[in-house]
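Beneath this line is the structure, given in structure tokens, with notes to follow.
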């Protein structure tokens, strides 16, 4: 299934509606914070817009992401809000509902999906803050650390992993830094060769100072529990579906319904378009004849 997550009645496992909702919102959130290595339009523009929306409101709540009615989806959202796991807001320019996980909601959701929490990312943020200067935070060209430098390496600082092992290590690094991305502690940029560079922000430096000497915790180990497999599957489905939507043009005007597909829009144009009227002008001969008759 892609993009359709069944609520509790569809799962024979220990998952309730609140758990499903948390995992879907987490997947929608992580999809917009992955480092963009392609720099292609419209994905790059969509990511910038959605990140700004997330900072102000969160991610757009999509009842159609669940294989249930809208009433049941919004009922699950209300339950999560009352439980202190999710906050909601509305944009003044639209009727969309935006949702964002609270710290407690995100921590429990990442635990269900076997993903690292801030306890794991603390040493990396401290390392990034130690390798950059405070003056580099406002610079566009300074203070960026290559992703390979954050992977386990030898005495010369070169990563010990190569090939596919290095790719897996870089992917693990992205998932570890995900809680720092959506909080604005760390930002990422990519070059034309799709190499990613990281830099700590002012908020990230303050977070690093508050956690000096904190060794952090290791990554959570994959679980063999059947429930964990279902939780991870729900998260991956929501994340992959949200990431695929980034390739489509994003509706910028929140008052509009968005672009209409050609099979819908073109027949309307053909049926309602008015023919262009010819200009009402008289030839010189007819005009002279009319004057002579007068």
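Residue numbers (our numbering): 5 to 298.
Yeah, the Cβ is synthetic: ideal placement off N, Cα and C, and Gly gets one too.
Keep in mind that this is a model prediction, so the values were computed, not measured.
Item checked: Residue from 253, 34, 250 and 211 with nearest C-alpha to residue 131 -> In the chain shown, counting from the first residue as 1, residue 131 sits at position 127. The shortest C-alpha separation from residue 131 is found at 211.
Next item on the list: Check each candidate in 196, 128, 60 and 102 and name the one with the smallest Cα separation from residue 67.
Entry: The sequence position of residue 67 within the chain shown is 63, counting from 1. Of the candidates 196, 128, 60 and 102, the one whose C-alpha sits nearest the C-alpha of residue 67 is 102.
Margin query: Measuring CB atoms only, is the stretch 21–30 touching the stretch 68–81, in the sense that at least three cross pairs come out at less than 8 Å?
Written below: yes
Checklist line | Alpha-carbon to alpha-carbon, residue 252 and residue 109 | finding: What you label residue 109 is simply residue 105 of the chain shown in a count that begins at 1. What you label residue 252 is simply residue 248 of the chain shown in a count that begins at 1. Their Cα atoms are separated by approximately 29 Å.
Item checked: Residues that residue 64 bridges to, as DSSP identifies them -> Your numbering for residue 64 matches position 60 in the chain shown. Bridge partners of residue 64: 102.
Checklist line | Between the CA atoms of residue 62 and residue 201 - distance to the nearest angstrom | finding: By 1-based counting over the chain shown, the position of residue 201 is 197. By 1-based counting over the chain shown, the position of residue 62 is 58. Roughly 25 Å between the two C-alpha positions.
Item checked: For residue 203: DSSP bridge partner residues -> Along the chain shown, read from residue 1 onward, the residue named residue 203 stands at position 199. Answer by DSSP bridge pairing, in chain order: 191.
Check: Whose C-beta lies closer than 6 Å to the C-beta of residue 133 among residues of the same chain, with five residues either side of it excluded?
Finding: Residue numbering aside, residue 133 sits at position 129 when the chain shown is read from its first letter. Excluding residues within five positions, the ones whose Cβ falls inside 6 Å are 204, 209 and 212.
Next item on the list: Identify every residue that forms a DSSP beta bridge with residue 150.
Entry: Taking the first residue of the chain shown as 1, we reach residue 150 at position 146. 201, per the DSSP bridge assignment.
Item checked: For residue 93, the three-state DSSP class (helix, strand or coil) -> Locating residue 93 in the chain shown gives position 89, counting from the first residue. DSSP places residue 93 in strand when its eight states are reduced to three.
Next item on the list: Could you work out which residue in 75, 106 and 28 is closest to residue 90 when comparing CA atoms only?
Entry: To locate residue 90, count along the chain shown from 1; it is residue 86. Minimum Cα distance to residue 90 is reached at 106.
Next item on the list: Return the CA-CA distance between residue 51 and residue 216, expressed in angstroms with no decimal places.
Entry: On the chain shown, residue 51 is found 47 positions in, with the first residue counted as 1. On the chain shown, residue 216 is found 212 positions in, with the first residue counted as 1. C-alpha separation (whole angstroms): 32 Å.
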